[in-house]
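Asker: First the structure, which I've put down as structure tokens, then a few questions once you've had a look.
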Amino acid sequence: MSSQRQVTIPAEAFRSAGFAVGDQLAARSDGPGRVTFERVDDVLAEFAGALTGVYEPDELDKLRDEWD
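At position 13 of the sequence shown (counting the first as 1) the number is 13 in full-length UniProt numbering, and the numbers step up by one without a gap.
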């Protein structure tokens, strides 16, 4: 562990966990001397495009215009 509390994940553990460079990780203490890292999912990215084809082109713009 560095003086800035940074750790290096060994390559084999990194690959085995299915992590990718750029992943955001959350750290959780599992008791004295144990820390678990979990990938933080991007909720917005998961749903982006989920409603493609549900609305006609410009339909949402027309609905938004009604708000004014």
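Built from N, CA and C at the ideal position, the CB exists for glycine as well.
1. Ends of the beta strand (DSSP E) at Phe19?
2. Under three-state DSSP, which class holds Ser43?
3. In terms of residues, what are the limits of the alpha helix (DSSP H) holding Arg28?
4. On the DSSP letters alone, give me the boundaries of the alpha helix (DSSP H) that Arg34 sits inside.
Answerer: Result, derived from the coordinates:
1. Where Phe19 is concerned, there is no enclosing beta strand (DSSP E), given that its DSSP letter is neither H nor E.
2. For the sequence presented, residue 43 should be read as Val rather than Ser. If DSSP states are grouped into helix, strand and coil, Val43 belongs with the helices.
3. Where Arg28 is concerned, there is no enclosing alpha helix (DSSP H), although the beta strand (DSSP E) it sits in stretches over Leu25 to Ser29.
4. Neither: Arg34 is in no alpha helix (DSSP H) and is coded neither H nor E.
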